[in-house]
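Structure record follows, encoded as structure tokens.
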Ligand SMILES: Cc1cc2nc3c(=O)[nH]c(=O)nc-3n(C[C@H](O)[C@H](O)[C@H](O)COP(=O)(O)OP(=O)(O)OC[C@H]3O[C@@H](n4cnc5c(N)ncnc54)[C@H](O)[C@@H]3O)c2cc1C
């Protein structure tokens, strides 16, 4: 029995049923919806995986569970995901940033494919069935549901996704498993009341963002929003810093270097050069750094540079302030906002209690895990689904083998 009708649960169920036709596989889902996150993922297009075909490189995108996924990927990796869907008529395409989507650009294509597989291999699906308790009875499992029904099964795969609150893991803790405290990951930064938010919609191709008092620093695209900052650099910080930032109550200071190829000293030298080269030009007219014009004007205003000032006449106080604002502008972050509803929870079942080759519990035989319920999470870009496919495939394969041997 597979608990949870999400990406990981479906992948476990269809692969187990396909590999061992003798198995009777059932997915139980507590809601009235199947694959609901797949449906909304990637803006309705489903970012199935990431076009990275090197295990070391791929694993570096998982703030939690890096070493664990490295072992799992030896069994089922990105190329296997691409091949698996291709064999079932679903071609994937790669976007410039490496994200992979079905060529249809519709998440429904992935859902249809998985549902077709359940039909083909006779997987039963029961919805509105919430598992409340799992009891191990000698060789079998007794499953208790919220509606009082009980079922007895040989194998259980928990693919229940992440939970935001620790107590939601209680039914798993009862089995003896330990839980890493859940905390949010993948969020954007709120910078309320700061004039930067007036530039909403402006994006910078490459900025460097540092969180003061930590070692956290990321470089990449940054988007200014009406509430603060978003974009890959911010999302990556939120993922790598998920625990530290929770401990800070999501209130902290950041410094943004809008020109990460420079630091204060090298930019001062560059300014010396520009003062000579552009002497008679007004600073407001044009920026020589390729920054969006609105951002450049904002930085000039923040540095008290007057509109009529020419490069040759830039007073040293204003120049110093401008260089500081360009290389290390400070912002106070006060709270977080979910990114396009895409969030994952960091935390979950502790990985040292799970065999990365089979997804079987090291504590309780014939108990398996798949997907976000484990203490694995990736940054945005298809990494979370790849983990769901890999762990689902491993659990399904291991169950099919264990059932054949029983
Ligand atoms: C809006 C959004 C967009 C996303 N976009 C992407 C993306 O494009 N690419 C990417 O890689 N990742 C994306 N993610 C992350 C990705 O969706 C998840 O990491 C992934 O879906 C996890 O799969 P899962 O099967 O482990 O869990 P889930 O998809 O959460 O499925 C778990 C299922 O188990 C059910 N369940 C829970 N408890 C019980 C119980 N006791 N009994 C029965 N059923 C139970 C739940 O109702 C749920 O249906 C996105 C997430 C969100 C929220």
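Numbering (the working numbering), first residue to last: 1249 to 1654. Yeah, the Cβ is synthetic: ideal placement off N, Cα and C, and Gly gets one too.
- Under the 8 Å Cβ criterion, the stretch 1466-1475 does not count as touching the stretch 1420-1435, having fewer than three qualifying pairs.
- The stretch 1526-1544 makes no contact with the stretch 1417-1424, as fewer than three CB pairs between them are under 8 Å.
- Taking C-beta separations shorter than 6 Å and ignoring five residues to either side along the sequence, the partners of residue 1542 in its chain run 1447, 1450, following chain order.
- Per the C-alpha coordinates, the member of 1616, 1645, 1599 positioned closest to residue 1624 is 1599.
- In this structure, residue 1253 lies away from residue 1271, with their beta-carbon atoms at least 8 Å apart.
- Residue 1344 sits in coil when the DSSP states are folded into three classes, being neither helix nor strand.
- Counting only the Cα atoms, residue 1564 lies some 46 Å from residue 1347.
- Taking residue 1540 as the centre and dropping the five residues before and after it, the same chain places the C-beta of 1450 closer than 6 Å to its C-beta, in chain order.
- Judged by DSSP in its simplified three-state form, residue 1400 adopts strand.
- Exclusion of residue 1466 from the 7 Å shell around ligand 1 follows from its C-beta lying no nearer than that to any non-hydrogen atom of the ligand.
- About 6 Å separates the Cβ atoms of residue 1519 and residue 1571, confirming a contact at the 8 Å cut-off.
- Pairwise C-beta distances place the stretch 1624-1636 in contact with the stretch 1340-1356, as three or more of them are shorter than 8 Å.
- DSSP, reduced to helix, strand and coil, places residue 1517 within a helical segment of the structure shown.
- In the three-state DSSP reduction, residue 1364 falls in the helix class (H, G or I).
- Residue 1350 carries a strand assignment under DSSP once its states are collapsed to helix, strand and coil.
- Within the same chain, and ignoring the five residues on either side of residue 1604 in sequence, the residues whose Cβ sits closer than 6 Å to its Cβ are 1316, 1319, 1320.
- By the C-beta criterion, the stretch 1550-1563 is judged not to be in contact with the stretch 1497-1515, since fewer than 3 inter-stretch pairs fall below 8 Å.
- Beta-bridge analysis with DSSP links residue 1558 to 1530.
- The beta carbons of residue 1636 and residue 1255 sit closer together than 8 Å.
- Distance from residue 1435 to residue 1486 at the Cβ level is roughly 5 Å; contact confirmed, criterion being Cβ atoms closer than 8 Å.
- In this structure, the alpha-carbon of residue 1400 lies about 41 Å from that of residue 1304.
- Cβ contact annotation for residue 1359 (same chain, cutoff 7 Å, sequence separation greater than five): 1283, 1286, 1287, in chain order.
- Assignment of residue 1438 by DSSP, reduced to helix, strand and coil, places it in the strand class.
- With respect to the C-alpha of residue 1414, the residue from 1641, 1459, 1621, 1322 having the closest C-alpha is 1621.
- Ranked by Cα distance from residue 1444, the options 1584, 1545, 1596, 1644 are led by 1545.
- Taking 8 Å as the cut-off, the Cβ atoms of residue 1567 and residue 1298 do not count as close.
- The stretch 1607-1619 makes contact with the stretch 1637-1648: 3 or more CB pairs, one atom from each, lie closer than 8 Å.
- 8 Å or more divides the Cβ of residue 1276 from the Cβ of residue 1614.
- Taken in chain order, the whole beta strand (DSSP E) runs of length 3 or more contained in the stretch 1602-1646 are 1615-1617.
- Put simply, of 1416, 1374, 1510, 1340 the residue whose alpha carbon is nearest the alpha carbon of residue 1274 is 1374.
- A Cβ-Cβ separation of about 21 Å leaves residue 1355 out of contact with residue 1300 under the 8 Å criterion.
- Collapsing the DSSP output to three states places residue 1480 in a helix.
- Annotation: residue 1309 is outside any alpha helix (DSSP H) and is labelled neither H nor E by DSSP.
- In this structure, residue 1556 places its C-beta atom within 8 Å of the C-beta atom of residue 1530.
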